[in-house]
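Working notes, structure below.
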Amino acid sequence: MEKKHTLSVLVENTPGALARIVGLFSGRGFNIDSLCVAETLDPTLSHLTLVTHGDDMIIEQIIKQLRRLIDVYKVVDVTEEGEFVEREMALIKVRAEKETRAEVLRMCDIFRCKVVDVSPKTYTVEVTGTESKIEAVIELLRPLGIKELVRTGLVAMRREKKTL
Amino acid sequence: MATKMTGAQIIVEALKREGVDIIFGYPGGAVIDIYDELYRTPEIKHVLVRHEQGATHAADGLARSTGKVGVCLVTSGPGATNTVTGIATAYMDSIPLVVLTGQVPTKLIGNDAFQEVDITGITRPCTKHNFLVKRVEDLAWTLKAAFHIARTGRPGPVLVDLPKDVQQAKTEFVWPEEIKLRSYNPVYEPHRKQVEKAYRLLEASTRPVLLVGGGVISSGAHEEVRELAELLHLPVTMTLMGLGGFPGTHEYSLGMLGMHGTYYANMAVANSDLIIAVGARFDDRVTGKVDAFAPMAKIVHIDIDPTSIQKNVRVDVPIVGDCKRALARLLEVIREVGRPAKLWKEQFKEWWEQIDIWKRRYPLSYKQDSEHIKPQFVIEKLYELTKGEAIVATEVGQNQMWTAQFYKFDRPRTLLSSGGLGTMGYGFPASIGAQMAHPDKLVLDIAGDGSIQMNIQEMATAMDQKLPIKVIILNNGYLGMVRQWQELFYDRRYSAVQFATIPDFVKLADAYGAVGLRATKPEEVEPVLKKALETNSLVLVDIHIAPEEGVFPMVPAGRATTEMILV
Ligand SMILES: Cc1cc2nc3c(=O)[nH]c(=O)nc-3n(C[C@H](O)[C@H](O)[C@H](O)COP(=O)(O)OP(=O)(O)OC[C@H]3O[C@@H](n4cnc5c(N)ncnc54)[C@H](O)[C@@H]3O)c2cc1C
Ligand SMILES: Cc1ncc(C[n+]2csc(CCOP(=O)(O)OP(=O)(O)O)c2C)c(N)n1
Ligand SMILES: [Mg+2]
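Protein sequences appear in the order of chains H and P.
Using my numbering, the letters of the first sequence correspond one by one to residues 182 to 345.
Using my numbering, the letters of the second sequence correspond one by one to residues 1274 to 1840.
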């Protein structure tokens, strides 16, 4: 059965490391739904959050193939590891003219979005949350007229074990 | 303070420290500094080839026949791109190579400079790893790491791209004592628990098969395989890459399995209740239709690369580790339990009776012909005349399969064949690498009339080095393997499988200063082969074989391995 998996990957911060990972996915026909890369506290390592999907055997292969890359230090299947938090951010430039300006603001309020840029005809809205929240906001703003949309892709982190 | 060395000096020094005494290469502007250093380094024998693809296959042939890392050196741009097929060939068969490529100076990289190509980008998917060295200070470490990565774990080719300014810059030479990579730690030692599980499956089995793959060759586990098979009376089958991992003449050998495997090997696997796969990756040429592969069998899979396990077939007991160690542990468990040999023999008695029936029903065979030379007969004769002691390279196609079926490989590292990529033109340069490494051994290349033309230019290299390689061309006047598919599955529509022009191989040999021989009738085979084997020089033997002879058994692609087309 196909399932979505969020993988957390630590790689050596070397040129070509990202190309290797992306090349692995395209070359072996695996899917990348989203990919997010940045430095970590240790500047010699980069962190990737990669969302993919596939059946169990495919996901097992993806993880093993990633681990096989010489530059890959650690791979964690966040989805399988139990509880985790995940967040994504989106910037949405939405039409906001006389009739709809108030409407946009009201929605922002409900979803705790921030307006980060204002023009006579648009608001640019920043929304942070789970994927489903982002999608909900997009769906609600869509009828008002979305001019531009940029999403970061998911980042994820395991929850600390709450043992007392 | 240590004296400073140029990058080029460091490269040559690194090769010496890695114990490299032979390299294959072709010069050009981007590696001229390294060549200048080699000029002063008699300890390293440089073999000048005629095409960079030849250099990679020769390095590969050296690696396969010795177990060492093969090395080649080429210039940037076209020199580098010419190595790609050779690198991919080594990658698919897990052969350790270090490929050194020249690169334009670092400040020109990305400018479409003269003879610039992004070779690390191009070879990323077909190398185990690759490096672009941007600072001379990183050079020594990188080269040592390249060798380390190439030979450890699952071996493979590593490419190091060397910009010209890095070769010319100077730094102190610091040779690292060892390479530690936090992100690369292959597992050699298997989990004891998994090994015990494997043992329990063996105890419970009545129809086991031991499946030997290329990993047995690369880890040198052939002794352990034999010990296990003899101790437990196990039938043993081999993949193409595993041939020689267990003696082909052994009474327990079922020969090769898979698309062109023996009837009895495929039947045994299909009916087995337990497969112990050692260093084999369940390629589609081996499994046929996966859903129908060994439906009743539990599978124990020993492999150093976790990605090989559970990739194509579902595995009951995965054992990640080195074949040699894993088998040694299994043998320990067997000894600890100490079940008498007699019990094992009894346990598999009926199974062996069944296998013997299959063996008698369809042994490997072919129909003799008084007019046409049968290729299988040629291989049998070669086997007989060389007492099975030659190192045999093959090209790709029918010639390769007849060799796999009819030359009984008793020792590891004696068959050099491109299995995974199936690269026509591999065999001849590979035989050059093998003969360079084994000057006193008999080295053959069993070729097809098509394949041999793909790297025929290396005859000059073999002559340069005075290599007495015997190239046996099984000349059917066809791209025979493709023709066979067209005959069987495309209603004999022979599309583009016949060359209008084939060179006169005897004259061609003569043109290179080699010896050319020809056989066109069955009775000529033995004398011509004898003559070739007695000749101390490169020999090209053009043997005109029955043009439409096929390779059988054959499992049509995508079918169950029990659905064999027999002779
Ligand atoms: C025309 C043609 C026809 C062919 N027909 C057949 C056929 O009929 N039958 C057949 O078998 N093949 C056939 N082949 C070859 C086939 O394509 C594959 O190359 C071959 O089956 C692979 O062999 P293998 O599984 O032993 O794997 P290899 O490619 O040799 O892989 C070795 C495996 O061992 C592992 N390994 C490496 N080192 C170690 C170690 N130290 N310890 C543990 N594990 C290790 C690796 O990770 C890998 O999984 C044919 C090829 C051609 C070109
Ligand atoms: C470089 C390359 N190109 C094409 C093929 C496809 N191919 C596989 S076998 C074969 C025919 C080989 O002909 P020949 O060398 O005469 O060998 P034969 O099968 O006749 O023994 C071809 C074209 C290949 N394996 N490698
Ligand atoms: Mg041919």
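Here a beta-carbon is modelled for each residue, glycine too, at the ideal position from N, C-alpha and C.
- Taking the Cβ atoms as the reference, P/M1697 lies roughly 5 Å from P/V1669, within the contact range of under 8 Å.
- The closest heavy atom of ligand 2 lies 6 Å or more from the beta carbon of P/V1824.
- In the displayed model, P/H1495 falls within a helix according to three-state DSSP.
- When only Cα atoms are considered, P/V1342 and P/H1402 end up about 14 Å apart.
- Below 8 Å, too few C-beta pairs join the stretch 1321-1337 of chain P and the stretch 1667-1683 of chain P to call them touching: fewer than three.
- Per the coordinates, the alpha-carbon of H/A219 lies some 12 Å from the alpha-carbon of H/T333.
- With a cutoff of 6 Å, P/D1722 does not count as near ligand 1, since its C-beta is closer than that to no heavy atom of the ligand.
- Here DSSP, grouped into helix, strand and coil, assigns P/Q1641 to coil.
- Taking 7 Å as the cut-off, the beta carbon of P/I1575 is found closer than this to the beta carbon of P/V1551.
- Cβ-Cβ distances below 7 Å link H/D252 to V192, E193, T195, A198, R201 in the same chain, with the five nearest sequence neighbours on each side left out; the list follows chain order.
- The beta strand (DSSP E) runs of length 3 or more contained entirely in the stretch 242-317 of chain H are, from start to end of the chain, 253-258, 265-276, 295-299, 303-310.
- Spatial neighbours of H/T311 in its own chain (CB-CB distance under 8 Å, excluding positions within 5 residues in sequence) are listed in chain order as E267, R268, E269.
- Around the C-beta of H/K274, 16 or more other C-beta atoms lie within 10 Å, and the residue is accordingly described as buried.
- If one requires a minimum length of 3 residues, the beta strand (DSSP E) runs lying completely within the stretch 1555-1640 of chain P are 1571-1576, 1590-1593, in chain order.
- In this structure, the alpha-carbon of P/P1449 lies about 23 Å from that of H/P224.
- Of the other Cβ atoms in all chains shown, fewer than 16 fall within 10 Å of the Cβ of P/S1643; this residue is therefore exposed.
- Among the residues facing chain H, P/Y1461 is not included, as its CB has no counterpart in that chain under 7 Å away.
- Using a Cβ-Cβ cut-off of 9 Å, P/D1578 is close to K245, R249 of chain H, given in chain order.
- Residue burial annotation: H/E264 is exposed, with fewer than 16 other C-beta atoms found within 10 angstroms of its C-beta.
- Per the Cβ contact rule, the stretch 1343-1355 of chain P is in contact with the stretch 1368-1383 of chain P (3 or more Cβ pairs under 8 Å).
- Residue pairing from DSSP places P/H1817 in a beta bridge opposite P/N1748.
- By a beta-carbon distance limit of 8 Å, P/V1406 contacts P/V1439. Their separation comes to about 5 Å.
- Annotation: P/E1796 to P/E1653 spans about 14 Å, alpha carbon to alpha carbon.
- Distance from the C-beta of P/R1558 to the nearest heavy atom of ligand 1 is below 6 Å.
- The alpha-carbon of P/I1360 is positioned some 7 Å away from that of P/C1399.
- Between ligand 2 and P/L1513, a heavy atom-to-CB distance of less than 6 Å is absent.
- Within the DSSP bridge table, the entry for H/I327 names H/V275 as partners.
- Burial state of P/P1685 is buried, judged by a 10 Å Cβ sphere holding 16 or more other Cβ atoms.
- Exposed is the label assigned to P/L1839, since fewer than 16 other Cβ atoms lie within 10 Å of its Cβ.
- Placement of the Cβ of P/Y1751 at a distance of less than 6 Å from at least one heavy atom of ligand 3 is found.
- Taking P/G1723 as the centre and dropping the five residues before and after it, the same chain places the C-beta of L1752 closer than 6 Å to its C-beta, in chain order.
- By the neighbour-count criterion, in which 16 or more other beta carbons inside 10 Å mark a residue as buried, H/S313 falls on the exposed side.
- Not one heavy atom of ligand 2 sits closer than 6 Å to the Cβ of P/G1693.
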